[in-house]
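Read the structure below first, then the notes.
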Amino acid sequence: MIPIKNERQIARMREACAIAADVLQELRALVRPGISTQDLEEAGRDAIAKRGAKSACYGYQVGSRRYPAHTCISVNEEVVHGIPSFRRILRDGDVVAIDVVVSYNGVVGDNAATYAVGTVSPKIQQLLAVTEQSLRLAIEQARVGNRILDISQAVQRHVEANGFSVVRDMVGHGVGLAMHEEPQIPNFGREVRDRILPGMTLAIEPMVNLGGYRTKILADGWTVVTADGAASAHFEHTVLTTEAGPEILTRPTTSLFPLHAA
Ligand code: MF3
Ligand code: CO
Numbered sequence: 011m012i013p014i015k016n017e018r019q020i021a022r023m024r025e026a027c028a029i030a031a032d033v034l035q036e037l038r039a040l041v042r043p044g045i046s047t048q049d050l051e052e053a054g055r056d057a058i059a060k061r062g063a064k065s066a067c068y069g070y071q072v073g074s075r076r077y078p079a080h081t082c083i084s085v086n087e088e089v090v091h092g093i094p095s096f097r098r099i100l101r102d103g104d105v106v107a108i109d110v111v112v113s114y115n116g117v118v119g120d121n122a123a124t125y126a127v128g129t130v131s132p133k134i135q136q137l138l139a140v141t142e143q144s145l146r147l148a149i150e151q152a153r154v155g156n157r158i159l160d161i162s163q164a165v166q167r168h169v170e171a172n173g174f175s176v177v178r179d180m181v182g183h184g185v186g187l188a189m190h191e192e193p194q195i196p197n198f199g200r201e202v203r204d205r206i207l208p209g210m211t212l213a214i215e216p217m218v219n220l221g222g223y224r225t226k227i228l229a230d231g232w233t234v235v236t237a238d239g240a241a242s243a244h245f246e247h248t249v250l251t252t253e254a255g256p257e258i259l260t261r262p263t264t265s266l267f268p269l270h271a272a
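Going by my numbering, the first residue of the sequence shown is number 11, and it counts up by one from there.
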């Protein structure tokens, strides 16, 4: 069963999602060559705490493993769930995916984005643009009466039309009272036939590879990397479905951008 949120829960979701979005904006502003992914983690930890929220990632348990950080920071060939490290220093030409999931007042908001570090190649720029576009197209399909499959197909169609590939081992998900709820939201045509109803809160999150779609997990038990070592991008929003159409909940309350307006 896909949980349907009531008005009270939706009001709380708005707050949690706004916090998640504000934290992501704050971290985005720090991305530059020379910073370590641990620096981003510590800034993220503090930005979450400052808002009275908690990281939903920290201590998150899968089997016997607990995720050891407050943010997921995935560089280049890392797809998702990269563990921040002092040793991983961002360099000019890298891409860094930052995933922020916060718990606030009993509900969870989830968002992520991938940023260029310094100047990236045209191919990488295109990877970022196409992945973000595929998220927009997917969100447009999160309409009452559509199926989850319509979201999946919107991503896959756009990504593959542009010569990139869609990760199959990881999927988007319902989010709200827990970080992962039903339904699963694949980014490819694996059929999830559930109909979209009003009051669903969905974490839609295309993960797109420059090369092949295959991935593997590093020995740390968390970091998902591309099997061929080529770069990957990840964008994610938490979206509320309503009779009037999809509403992105993970919108920042304050915009730090553009930072460099002329
Ligand atoms: N947005 C990621 C997800 O939905 C966050 C995972 S946190 C971790 O899977 F603890 F699992 F790493
Ligand atoms: Co997610």
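For every residue, glycine included, the Cβ atom is placed at its ideal position computed from N, Cα and C.
From Ala272 to Met189, what distance separates their C-alpha atoms?
With a pLDDT of 44 at Ala272, under the threshold of 50, the predicted position of this residue should be treated as unreliable, though the coordinate-derived value follows. So the alpha carbons of these two residues sit roughly 40 Å apart.
Which residues share a DSSP beta bridge with Asp109?
Cys82, Ala122
Spatial neighbours of Glu51 within its chain, please: C-beta separation below 8 Å, excluding the five flanking residues on both sides.
Counting only Cβ-Cβ distances below 8 Å, and skipping sequence neighbours, we find Ala79, His80, Thr81, Ile83, Pro94.
Look up Gly173 in the DSSP assignment and say whether it is helix, strand or coil.
The three-state reading of DSSP puts Gly173 in coil, since its state is none of H, G, I, E or B.
Pull up the distance between the alpha-carbon of Cys67 and that of Val90, whole angstroms please.
Cys67 and Val90 have their alpha carbons spaced roughly 12 Å apart.
Secondary structure of Lys226, DSSP reduced to three states:
strand
Would you tell me roughly how many angstroms separate the C-alpha atoms of Val130 and Leu100, rounded to the nearest one?
Between Val130 and Leu100, the C-alpha separation is close to 12 Å.
Report the rounded CA-to-CA distance for Ala148 versus Ile108, giving the unit in angstroms.
20 Å
Consider the C-beta atom of Glu246 and the heavy atoms of the ligand CO; say whether any pair is separated by less than 7 Å.
yes
Report the start-end ranges of each alpha helix (DSSP H) in the segment 159-215 that is 4 residues or longer and not cut off at the edges.
none
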